[in-house]
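Chemist: I am attaching a structure below and will ask some questions about it afterwards.
In our numbering, the protein residues as written are 1 to 190.
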């Protein structure tokens, strides 16, 4: 069965909706694959097959909260062209993501505080990859090598994670300015 099979899509959607609801109603540390499966009306094996583990479910819920399809194949199809990403286009993309995060802060904050799970960080890295599209020369920095790309992505995700956790107090516009400012600083050094 493919990822476009309606039965698989229905199962994934039901499990994600259940996990989202449970996250908003109880402590993230109380969630287990078994409890999510029971609440969704599916077997533990169905949950495991679709998401792998609890971190996989929480990452998928975070991606959904960020407005990103959790299907890794979908990322490849949505990547843009190889032309440089302009500063204004980058700022618009970042602001769009940060505004979305702000609207989902409660859910994402609960995921950020799930014990010993990197779910939010993984989701934020995928969001950053989507914004930067690593096949591009990014914002005119030239061809960035893997180390520079990883640095930019990691820093981007860390700022967003700290903001979601409440460790940074700022408006979406201020967070966007922080992120794009740091990227510009890297560009000046490159």
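All C-beta atoms, glycine included, are put in the ideal place defined by N, C-alpha and C.
(1) Examine the Cβ distances between the stretch 173-180 and the stretch 108-116 and report whether three or more of them are shorter than 8 Å.
(2) Starting from residue 99, follow the alpha helix (DSSP H) in both directions and report where the run begins and ends.
(3) What span of residues does the alpha helix (DSSP H) with residue 201 cover, start to end?
(4) Is residue 63 near the ligand ADP, going by C-beta to nearest heavy atom under 7 Å?
(5) May I ask which residues mark the beginning and end of the alpha helix (DSSP H) holding residue 63?
(6) Excluding the five sequence neighbours on either side, which residues of its own chain have a C-beta within less than 8 Å of the C-beta of residue 23, listed in chain order?
(7) Since residue 33 is in the alpha helix (DSSP H), which residue starts that stretch and which ends it?
(8) Helix or strand or just coil, what does DSSP make of residue 114?
(9) Return the CA-CA distance between residue 166 and residue 124, expressed in angstroms with no decimal places.
(10) Buried or exposed: residue 51, going by 16 or more other Cβ atoms within 10 Å of its Cβ?
Modeler: Looking at the atomic coordinates:
(1) no
(2) Within the chain shown, the letter at position 99 stands for residue 99. 87-103 is the extent of the alpha helix (DSSP H) around residue 99.
(3) There is simply no residue 201 to check, as the chain begins at 1 and stops at 190 in what is shown.
(4) With respect to small molecules bound, the structure shown includes none, and the ligand ADP cannot be examined in it.
(5) For this step, residue 63 is matched to residue 63 along the chain shown. Element bounds for residue 63: 54-65.
(6) Taking the first residue of the chain shown as 1, we reach residue 23 at position 23. Here the set comprises 31, 58, 61, 107, 110, 111.
(7) Taking the chain shown and counting its residues from 1, one reaches residue 33 at position 33. That run of the alpha helix (DSSP H) goes 33-40.
(8) Indexing the chain shown from 1 puts residue 114 at position 114. Residue 114: coil per DSSP, three-state reduction.
(9) As a first step, residue 166 must be located in the chain shown, where it is residue number 166. As a first step, residue 124 must be located in the chain shown, where it is residue number 124. Roughly 16 Å between the two C-alpha positions.
(10) Taking the chain shown and counting its residues from 1, the one referred to as residue 51 is at position 51. Flag for residue 51 reads buried.
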